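Residue numbers (the numbering used here), protein chains in the order written: chain A, 180 to 892; chain L, 118 to 207. Ideal placement from N, C-alpha and C gives every residue a C-beta, glycine not left out. Since the structure is predicted, the reported quantities are computational estimates derived from the model, not experimental observations. Written below as structure tokens is the structure these notes are about.
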């Protein structure tokens with residue numbers, strides 16, 4: 180019997196859609212492991228089948244491992260990825276269902292990737308059914324939203340968005356695969372060993388920026404300056420004024436103040452002598468209050484979350500990595516608890532039923548009071564709107580559904596953050612009172628600054644996520660006398676530029692149009708996996724510096740922000756229907772071709788440079804420290820005969836016979852430290868467990884307990 | 118590192134100096150040449166602010182946890198090799 184076939188992006192979304200659209204409980208059937216939901220709606224049989232994300236991928240048109248390759252096409256994912264074998268069954272099941280279908284609907288997530296996933300399946304697995312397929316547009320997986328999306332579906336697929344996505348995939352393949360292969364192949368042909376290296380249109384400019392910051396930090400030379408601090412004390416029960424000496428009794432309240440000769444300046448004193456002079460003149464001296472300036476600063480509510488904002492805030496407040504935040508947010512979306520998270524919008528349009536969502540949140544004891552308070556407010560509910568917009572989706576917001584299952588810790592924390600941000604967007608402005616007391620002590624100007632929250636406003640809804648440190652000051656008036664009970668100077672140094680963290684690097688990518696909201700966190704994750712960067716406060720590894728150094732020398736365009744900005748601009752033009760995807764891809768190919776011609780001309784030099792850097796890195800990794808016997812280097816050596824590893828000295832040829840055994844399991848790395856008892860290098864051994872252990876490589880070290888049968892050396 | 122000609126080795130790290138063009142610091146890699154310039158360039162500031170002598174300055178820079186890795190390596194190299202203030206452009 181002919182039916183309608185609805186294609187979804189993921190199995191969990193398929194279940195939500197089937198249950199939302201079915202008039203009665205849908206029937207679930209597993210065909211070769213693929214869940215297929217069937218039900219009746221309006222007298223018509225409907226089948227809902229999920230994909231597993233992308234089922235098709237860009238691949239080279241001809242066989243072989245060479246570069247540059249510009250002859251590319253789209254093939255089923257299982258043909259190019261061993262990990263995707265099971266997608267074959269999915270495509271065959273979808274093809275089978277398509278043969279008996281009379282109409283088709285794309286119900287994948289409404290964004291570039293979702294549209295492309297459905298388009299490829301409809302075009303290739305459903306015999307060109309893309310031309311007669313409809314498109315459901317929804318931002319949440321709630322029953323109401325899905326039913327409305329089905330009833331009012333678009334008659335045609337969103338081809339401009341699809342073509343922009345297709346062109347992006349093709350360009351990323353052309354840049355990424357060709358440059359990565361060029362690096363690996365030049366290394367191999369210059370006699371270096373095989374090493375998996377990668378470079379890409381989005382990864383390379385990000386890594387280049389991280390390298391620039393790393394260089395700034397490595398070249399930082401701290402300059403000294405001084406801050407003069409004071410502990411002032413109000414006079415008790417009187418305002419004797421300057422010079423009266425009445426403040427010298429010291430029986431009032433104390434408060435901190437800082438020397439600030441220029442009210443607009445930072446208070447830095449650029450000479451030790453000057454700092455000492457101020458301290459000498461002011462310590463224990465009376466001072467007068469020259470003025471008290473009280474101002475009220477309004478703190479408007481924060482705009483609703485875009486994905487970038489959410490990742491940034493979750494990292495700052497919850498310590499959650501951006502990649503993890505995206506995963507958790509997607510799980511909450513699939514549970515119909517929040518709206519679609521891959522959005523750049525900071526706006527909640529009036530088409531969203533704000534009151535309905537608040538009524539839904541009233542059901543949760545945690546948010547009941549706040550939701551009720553907002554619902555009882557007179558007049559229209561107007562949220563604070565941010566500047567960023569997204570044509571496909573509104574800002575991330577709760578759906579009003581309460582969790583039907585016990586949420587995991589990260590899910591619960593992120594859900595709370597999203598709900599509170601939504602509530603806060605409807606709150607009144609908060610305000611803080613800032614007090615600045617100016618003091619005059621023997622002609623030197625000191626300043627005390629205090630802050631207190633004057634009106635809670637939206638911060639009440641944001642609750643634990645709003646952090647404010649109150650700094651109260653005593654009540655004084657101009658002309659009052661105070662005592663500078665203690666004045667001292669503190670030596671400081673100028674700081675190096677701050678390291679990027681996961682949040683700030685994503686912000687940098689966002690600001691410069693590098694990558695898309697969906698790919699930024701994944702690209703960052705890849706750089707960690709490849710060993711190009713490490714640490715929460717990101718530092719670039721030797722390998723990362725080497726790769727980006729080579730790219731800057733031989734592919735400067737790829738390491739620049741301009742190329743990726745230009746590509747993003749072209750994507751927007753395709754989405755707006757002003758350019759064809761083929762034209763954009765051809766233009767990019769014509770631009771990158773000369774770069775490859777250049778690298779082929781410099782092939783040997785690229786390989787040699789890369790090989791030299793990599794062998795230096797490997798040598799560095801294998802070196803444990805200086806040899807205490809001859810001054811050579813102690814290195815890890817693997818015996819060709821037994822395959823076992825041990826420590827040997829590079830001075831072997833000159834007669835140094837020092838050798839030491841090593842643990843045979845685990846990853847060994849040098850710590851750069853020497854044993855306090857014997858001076859031998861200390862190493863770190865990392866096994867399967869989470870904890871690494873440190874040991875001195877000297878078996879005869881006096882710090883070790885003697886083992887029976889082992890002689891001390 | 119063995120394929121780098123001794124003449125072209127960086128005096129601080131032993132890496133390739135790319136021919137050692139630096140007239141000021143001769144025989145340094147690009148990173149250490151830039152760091153060398155920083156060490157020499159910041160001394161007048163330290164001298165004016167702290168009244169520090171050249172040796173004291175180098176020791177402070179090498180010891181300071183905020184000092185960048187390349188600058189520290191150059192400062193330690195200068196201390197080890199007793200590079201005097203008047204020699205710093207030699």
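{"Query": "Minimum length 4: unbroken alpha helix (DSSP H) runs contained in the segment 708-733 of chain A", "Result": "721-733"}
{"Query": "For residue 199(A), three-class secondary structure by DSSP", "Result": "helix"}
{"Query": "Closer than 8 Å to chain L by CB, residue 894(A)", "Result": "Outside the shown range of chain A, which is 180 to 892, sits residue 894(A), and nothing can be said about it."}
{"Query": "Contact set between the segment 664-685 of chain A and chain L, restricted to residues whose Cβ is under 7 Å from the partner", "Result": "672, 674, 675"}
{"Query": "Residues bridged to residue 813(A) [DSSP beta-bridge criterion]", "Result": "804(A), 828(A)"}
{"Query": "Close beta carbons around residue 384(A), own chain, < 7 Å, minus the five adjacent residues each side", "Result": "693, 738, 739, 740, 743"}
{"Query": "Per-residue burial, residue 264(A) [other beta carbons within 10 Å of its own, 16 or more giving buried]", "Result": "exposed"}
{"Query": "Minimum Cβ-Cβ distance from residue 402(A) to chain L less than 8 Å", "Result": "yes"}
{"Query": "Straight-line gap, residue 322(A) to residue 200(A) (C-alpha atoms, nearest Å)", "Result": "8 Å"}
{"Query": "Per-residue burial, residue 170(L) [other beta carbons within 10 Å of its own, 16 or more giving buried]", "Result": "exposed"}
{"Query": "Option in 223(A), 244(A), 248(A), 192(A) with minimal Cα separation from residue 776(A)", "Result": "248(A)"}
{"Query": "Residues that residue 718(A) contacts on chain L, provided the C-beta gap is smaller than 7 Å", "Result": "Within 7 Å Cβ-Cβ: nothing; residue 718(A) doesn't reach chain L, min ~10 Å."}
{"Query": "Contacting residues, own chain, Cβ-Cβ under 7 Å from residue 297(A) (five flanking each side not counted)", "Result": "186, 285, 287"}
{"Query": "N-terminal and C-terminal residue of the alpha helix (DSSP H) that residue 178(L) is part of", "Result": "171-180"}
{"Query": "Cβ contact (3+ pairs, closer than 8 Å) linking the segment 475-487 of chain A and the segment 436-449 of chain A", "Result": "no"}
{"Query": "Sheet register partners of residue 672(A) (DSSP bridge)", "Result": "403(A)"}
{"Query": "Any C-beta of chain A under 8 Å from that of residue 145(L)", "Result": "no"}
{"Query": "Against chain L: residues of the segment 447-476 of chain A by CB proximity under 8 Å", "Result": "449, 450, 451, 452"}
{"Query": "Exposed unless 16 or more other CB atoms sit within 10 angstroms - verdict on residue 153(L)", "Result": "buried"}
{"Query": "Same chain, Cβ closer than 8 Å to residue 542(A), neighbours up to 5 away in sequence not counted", "Result": "581"}
{"Query": "For residue 394(A), the three-state DSSP class (helix, strand or coil)", "Result": "helix"}
{"Query": "Of the listed residues 332(A), 490(A), 438(A), 396(A), nearest to residue 410(A) (C-alpha basis)", "Result": "438(A)"}
{"Query": "Beta-carbon proximity check, residue 361(A) vs residue 778(A), cutoff 8 Å", "Result": "yes"}
{"Query": "Residue 440(A) versus 433(A), 407(A), 413(A), 431(A), residue with shortest Cα-Cα distance", "Result": "407(A)"}
{"Query": "Alpha-carbon to alpha-carbon, residue 686(A) and residue 733(A)", "Result": "28 Å"}
{"Query": "Check: residue 360(A) C-beta below 7 Å from any heavy atom of the ligand FMN", "Result": "Inclusion of the ligand FMN in the displayed structure is not the case, the ligand content being empty and no account of it being possible."}
{"Query": "8 Å Cβ cutoff, residue 150(L) in contact with chain A", "Result": "no"}
{"Query": "Near-chain A residues of the segment 170-182 of chain L (beta-carbon distance less than 7 Å), N- to C-terminal order", "Result": "178, 181"}
{"Query": "Limits of the beta strand (DSSP E) - the one that residue 525(A) falls within", "Result": "First-last for residue 525(A): undefined, no H or E at that position."}
{"Query": "Where residue 473(A) falls, given that 16 or more other Cβ within 10 Å makes a residue buried", "Result": "exposed"}
{"Query": "Listed by chain order, chain A residues near residue 166(L) by CB distance under 8 Å", "Result": "402, 403, 404, 449, 450, 451"}
{"Query": "Alpha-carbon to alpha-carbon, residue 676(A) and residue 395(A)", "Result": "7 Å"}
{"Query": "Cβ-Cβ distance between residue 631(A) and residue 612(A) below 8 Å", "Result": "yes"}
{"Query": "Min CB distance residue 163(L) to chain A below 8 Å", "Result": "yes"}
{"Query": "Three-way DSSP call (helix, strand, coil) for residue 352(A) in this model", "Result": "helix"}
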